[in-house]
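Here is the structure we will look at, set down as structure tokens.
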Amino acid sequence: MSEHVRLLPAFLVLAACDPVSVEVVGDSAARGQPDSGDTADTDTAPPEDSAVYDCDALPALPIEAAEELQGFTNAEDFALDGEGYLVSIDLHSNLVGIKQDGSKKIMLAGAGMGAGTHMLADGQIVYADVGNNAIVRVDPASLSSTVLLAGLSYPNGLDVGIDGFVYVAETSAGQVRKVNAETGESTIIAKGLYAPNGVSFGPNFDSLYVGSFGGGVVYRMDLGSDGSWSRPRSFGLTPGSAGPPADVCDTNPIGTPCTPAAGYGIGECSTGDLGYATCEVAYETGACAGKVAGDACTTDAFGQPIESICVGTPYAPDLICPSAPTEWVEPCVDRTGRRCSSPEGMGGSCSQNYEGAPLCYVSDTLDAYTAPCLEKARGDACVVESWSYPIVGVCSDGAAWGAASDVCSAPPIGGGAASGLDGLNVDACGNVYASAYVDGTVWRWASEGQEPELVMNVRASWIPNMHFGNGVGGWEENVLYLANRDRGSVFAIPIGVPGHGEAFDPTP
């Protein structure tokens with residue numbers, strides 16, 4: 251039996267523990283705060299808590315029942331603060347705190363559309379504002395907020411490291427970024443992931459786990475002694491999943507046309523600062539050299555010429571020629587968020603595509619998938635302009651979709667049971683938990699490469715995030731709390747072990 255006792259959070263100088271040789275830039279930071287330089291901050295050790303647990307004697311799986319706590323929000327994610335409030339964004343776009351006894355307070359009005367939500371070490375709150383592609387820090391004491399970083403590509407799940415940085419998955423870009431919670435300066439630490447979503451540190455904050463929404467895989471990265479992160483690798487797959495498709499850039503030369511994140515976007519293989527080749531979004535700037543916004547330009551997608559117009563984008567310093575035809579772009583220049591109509595007369599709304607270019611997205615999803623193939627032969631390459639990025643695929647038989655004509659469909663992905671992994675967390679024993687979209691399943695991986703165990707099936711289809719209790723306000727440390735967007739409730743799953751630890755100390 252291996253019994254563990256962990257003390258209340260105490261941040262010790264790492265040199266007094268197991269040293270990691272990393273040069274720290276800047277003055278010594280306050281507990282959990284980033285140093286002035288954007289480097290790995292190793293002057294603090296992982297926090298500890300007072301829970302007593304036995305990693306060899308956890309409750310048998312699957313767990314048959316979990317209490318459902320009512321009266322919370324339908325938010326994508328939540329955080330637990332030091333006063334016993336569950337903090338999340340409600341249906342009125344307000345960031346609110348709700349206790350188990352029903353008491354409630356507004357922490358920020360007009361917070362927007364949130365995703366990943368977490369406590370910072372100083373008691374402030376950080377969340378991913380999906381609607382504005384930004385990371386926002388909130389000071390609940392002053393009811394004010396600060397945009398730390400904008401121009402992201404669907405920021406989703408996030409966690410806060412012991413270094414005080416925010417680690418966030420950019421789902422549409424297939425990457426993970428770390429963000430200084432004080433200055434907003436950021437560094438990309440991983441690329442080439444398939445639709446990254448949930449993010450969680452391991453028990454010692456020297457490993458980072460990322461779930462894939464659709465690939466049926468949990469990735470793992472390890473922190474090196476120099477402060478850099480290893481290339482993401484498959485840690486575990488859901489039952490029956492083959493995982494995401496192989497990265498074309500692993501076997502093809504630099505410059506090869508490719509589809510970032512297995513079908514989303516258009517790019518080419520390149521080697522960036524991370525030291526390994528990935529499929530990078532290719533911004534066509536040469537076609538707009540010497541031109542002004544609105545001028546005609548020509549680009550191509552997999553050998554197919556595309557006539558478009560030059561536009562500005564938050565992701566490239568110069569005007570680009572977007573990989574979408576003029577008739578899709580022109581109605582939405584300077585009209586983000588407004589209604590529009592596609593060339594075929596289908597109603598839609600203006601938004602940004604994966605390049606940051608304005609685009610009219612149709613409301614009728616089936617029509618969006620059939621339209622690209624109306625004048626093409628089966629097997630021809632095609633591009634669906636849908637949601638916030640294009641889907642690159644081939645014209646295929648639409649019968650399975652209920653369509654009378656061919657549809658433009660992306661290549662098949664991993665599949666398997668519960669491949670749409672949404673929430674992610676890790677306990678103090680190193681077990682990794684993930685919740686699956688639609689089927690209400692929670693899985694647990696005990697070690698790398700093993701089949702996961704079923705923790706439980708809950709009566710809900712949308713269980714997007716989970717957090718262990720912090721011991722304050724009835725939120726028990728050995729319980730995993732699972733958000734239920736269907737009914738605005740929280741499932742309390744008795745895991746028998748606390749979470750991996752937090753940068754935030756909930757005790758006064």
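Each residue of the sequence shown is one higher than the last, beginning at 251 in our numbering.
Beta carbons: idealized from backbone N, C-alpha and C, even for Gly.
Coarse secondary structure for residue i, derived from DSSP in three states
| i | result |
| --- | --- |
| Y683 | strand |
| Y469 | strand |
| A618 | helix |
| N406 | strand |
| A290 | Since pLDDT at A290 reaches only 41, below the 50 mark, its modelled position is unreliable, and the value read off the structure follows with that caveat. Reduced to three states, the DSSP call for A290 is coil. |
| G414 | coil |
| D277 | Low per-residue confidence applies at D277: pLDDT is 31, beneath 50, and the placement is therefore not dependable enough to give any value. |
| A627 | coil |
| G751 | coil |
| G486 | strand |
| A678 | coil |
| G442 | coil |
| D299 | Interpretation of D299 is limited by its pLDDT of 47, a score under 50 that renders its predicted location unreliable; the figure taken from the coordinates is listed afterwards. D299: coil per DSSP, three-state reduction. |
| A329 | strand |
| A566 | strand |
| C658 | strand |
| D550 | strand |
| V498 | helix |
| P756 | coil |
| G474 | coil |
Residue i and residue j closer than 8 angstroms at C-beta
| i | j | result |
| --- | --- | --- |
| N429 | L443 | According to the sequence as given, residue 429 is Val; it is not Asn. No. Outside cutoff. |
| S558 | P575 | yes |
| F455 | N715 | no |
| V467 | L674 | no |
| G540 | P494 | no |
| V634 | A618 | yes |
| H368 | V376 | yes |
| G347 | M357 | yes |
| A543 | V579 | no |
| Q350 | G690 | no |
| D736 | S697 | no |
Assumed close pair residue i, residue j - CB separation to whole angstroms, cut-off 8 angstroms
| i | j | result |
| --- | --- | --- |
| N447 | G407 | 5 angstroms |
| T548 | P555 | 6 angstroms |
| S457 | L473 | 7 angstroms |
| P453 | V676 | 7 angstroms |
| C508 | G522 | The Cβ separation is near 14 angstroms, so there is no contact. |
| G366 | V418 | 6 angstroms |
| P622 | C658 | 4 angstroms |
| F754 | A371 | 5 angstroms |
| L345 | I339 | 5 angstroms |
Opening and closing residue of the beta strand (DSSP E) in which residue i lies
| i | result |
| --- | --- |
| E703 | E703 to N707 |
| H368 | G364 to M369 |
| V388 | A384 to D389 |
| D306 | Counting along the chain, D306 falls outside any beta strand (DSSP E), and DSSP gives it neither H nor E. |
| K355 | K354 to L358 |
| F718 | M716 to F718 |
| Q554 | Q554 to I559 |
| D545 | Segment: none, D545 is in no beta strand (DSSP E) and carries neither H nor E. |
| D379 | I375 to D379 |
| F741 | S739 to P744 |
| E318 | E317 to L319 |
| F451 | P446 to F451 |
| S478 | Neither: S478 is in no beta strand (DSSP E) and is coded neither H nor E. |
| L336 | L336 to I339 |
| A696 | Neither: A696 is in no beta strand (DSSP E) and is coded neither H nor E. |
| S591 | R589 to S591 |
| S395 | S394 to L399 |
| A539 | Premise fails: A539 is in no beta strand (DSSP E) and is neither H nor E. |
| I348 | L345 to I348 |
N- and C-terminal bounds of the alpha helix (DSSP H) containing residue i
| i | result |
| --- | --- |
| V579 | T576 to V579 |
Residues sharing a beta bridge with residue i, DSSP
| i | result |
| --- | --- |
| E420 | P405 and Q425 |
| L609 | S601 |
| F463 | G670 |
| T528 | S520 |
| N734 | S739 |
| V583 | None; V583 has no bridge partner. |
| T437 | K428 |
| P507 | E518 |
| V729 | P744 |
| L458 | F451 and M471 |
| S711 | DSSP output for S711 lists no bridge partner at all. |
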